[in-house]
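Just so we're aligned: 342 in the working numbering is position 309 of the first sequence, and the numbers increase by one with no gaps anywhere. All residues carry an ideal CB built from backbone N, CA and C; glycine is no exception. As the structure is a prediction and not an experimental result, all values here were calculated from the model. Note sheet for the following structure.
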Amino acid sequence: MQNNSQKTACALTTTDKGLIVSGLRDFSAAQIFDCGQCFRFDGGEEGSGDRASLRGATKFSGVAFGRFAAFTDLPPDENGAVLLAEGVTEEEFKTVWADYFDLQTDYSAIKTEIISRFDEACRREDKTIRQAVERGCGIRILRADPFETLISFIISQNNNIPRIKKTIAALCAAYGEPIKVDRNISGDEAQTRYAFPTPEAIAAAGEEGIRALKTGFRAKYIVGAAEAVAEGSLDLAALAAADGEEARERLQQLRGVGPKVAGCVSLFGLHHLDAFPVDVWMKKVLALRYPDGLDIDALGRFRGVAQQYLFYNERWI
DNA sequence: CGCCAGGATACCC
DNA sequence: GGGTATCATGGC
């Protein structure tokens, strides 16, 4: 599902307000950062634009791969969606953020296949998936760091999103490397940002060090996973290259990693788009929207993307 | 006080 | 194999 024409379609322009990325397809920073796949970006802050066109736009700022940046959706033009990236150079966008946002993947083609597979599985025209795809039309599956995703979703178990974000922020502040913040990002100069801790840093912190961050019963799971990666017994890069089912089974061998966490790590951290994590929200979707049952395995190789459309649709309905 | 939160585990039958 | 109490913590 690679599309070279799309790769070259997005255009970069450096302005005094930041880097303008135009010609984006199937893209919404707000939807991407608000659909539960990423815990390190915070929004809500109004775009500080002095122009009417920026009013109401939400800026999301945060850290990925040890880099702090802010992203704001601008009104689309005739070439597609437009994104304002602050604290990002053209070179950095091309080498880091374009890959993070999975810009080389054609999500229009994915949507078409998803709808087709759902129709087949339901043996009718499925209105639910159409509504979900429409509502979350700008969602993309981030290519997030595998280790960060693993630890983040271990923390997510039996937890709520605000507290998950708070705990991860505390983990980064305590054991992550401080990041030099670009002074051009207005309003954010004063705060020190932190990279996600390395496996070695978390392993060295030990169970007591991690428990001190109010991680509760998850502390031993977090340290165990970090130790496995640090000592090399768990090779996440190999799992990214492996079959989706094989990756999920290997992840579930870790204590504190069950089907749901393994599914989220596979989908968001390893980019296995066939992973379909079922959480309380998805159980609600399945019971409410598909009362006659739904064969997950029949939903095709992009069912993980469909899962995000359905999750977003149900959470913000 | 109780219940819930992007669950997993140990233990029950 | 399928049910269920328990696990830390904080918000409501």
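Top-ranked residue by Cα proximity to residue i, from the options
i, options, result
"R176", "S94, K213, Q137, R334", "Q137"
"A280", "G289, R288, D268", "D268"
"A206", "I243, N193, G171, G296", "I243"
"D152", "L343, V338, A331, E347", "A331"
"G171", "E158, G265, K144", "K144"
"F277", "C297, L287, A259", "A small fix is needed here, since residue 277 is Gly in this sequence, not Phe. Closest option to G277, Cα to Cα, is C297."
"N112", "L246, L319, F60", "F60"
"R156", "G326, F344, R348", "G326"
"R291", "A275, P310, I218, G302", "Just to set this straight, residue 291 is Gly in the shown sequence, not Arg. Of the listed residues, the one whose Cα sits closest to G291 is P310."
"C43", "V115, V318, E119", "V115"
"S141", "V338, Q224, Y323, I350", "V338"
"F98", "A252, E181, L117", "E181"
"I148", "K316, A234, L117, Y342", "Y342"
"A236", "K247, R348, K293, Y208", "Y208"
"N191", "G120, K293, S94", "K293"
"W314", "L300, I53, H304, I350", "I350"
"Y133", "H304, D328, I329", "H304"
"E233", "K317, E210, Q64, I329", "E210"
"R348", "D312, Y323, D328", "D312"
"A270", "A320, F72, L246, S299", "S299"
"A102", "R283, R226, N193", "R226"
"L246", "A295, R196, K316", "R196"
Terminal residues of the alpha helix (DSSP H) in which residue i lies
i, result
"R336", "336-348"
"P292", "292-297"
"E260", "252-264"
"L272", "269-274"
"I65", "62-66"
"E146", "140-155"
"W314", "313-322"
"Q164", "160-168"
"S185", "179-188"
Proximity of residue i and residue j at Cβ, strictly below 9 Å
i, j, result
"G239", "V256", "yes"
"F229", "L204", "yes"
"L45", "F104", "no"
"I212", "I184", "no"
"K92", "G69", "no"
"L107", "A90", "yes"
"D139", "I174", "no"
"R100", "V129", "yes"
"R251", "G302", "no"
"K160", "L117", "no"
"A308", "Q286", "no"
"F66", "K198", "no"
Strand pairing of residue i, partner residues [DSSP]
i, result
"R281", "The partner list for R281 (beta bridge, DSSP) is empty, contrary to what the question assumes."
"S94", "D75, A103"
"P195", "Its beta-bridge partners do not exist; DSSP assigns none."
"A234", "Its beta-bridge partners do not exist; DSSP assigns none."
"V54", "L45, L116"
"Y227", "P211"
"D110", "G113"
Run of the beta strand (DSSP E) containing residue i, from where it starts to where it stops
i, result
"T47", "44-47"
8 Å contact criterion, which residue i and residue j should meet: CB distance rounded
i, j, result
"P351", "A259", "Because the chain is modelled from 34 through 350, residue 351 falls outside the range shown and cannot be assessed."
"L306", "F335", "5 Å"
"S55", "D110", "6 Å"
"N346", "A62", "The Cβ separation is near 18 Å, so there is no contact."
"T47", "E123", "6 Å"
"G95", "I218", "Wrong, their Cβ atoms sit about 11 Å apart, outside the cutoff."
"G333", "R150", "4 Å"
"A295", "L284", "4 Å"
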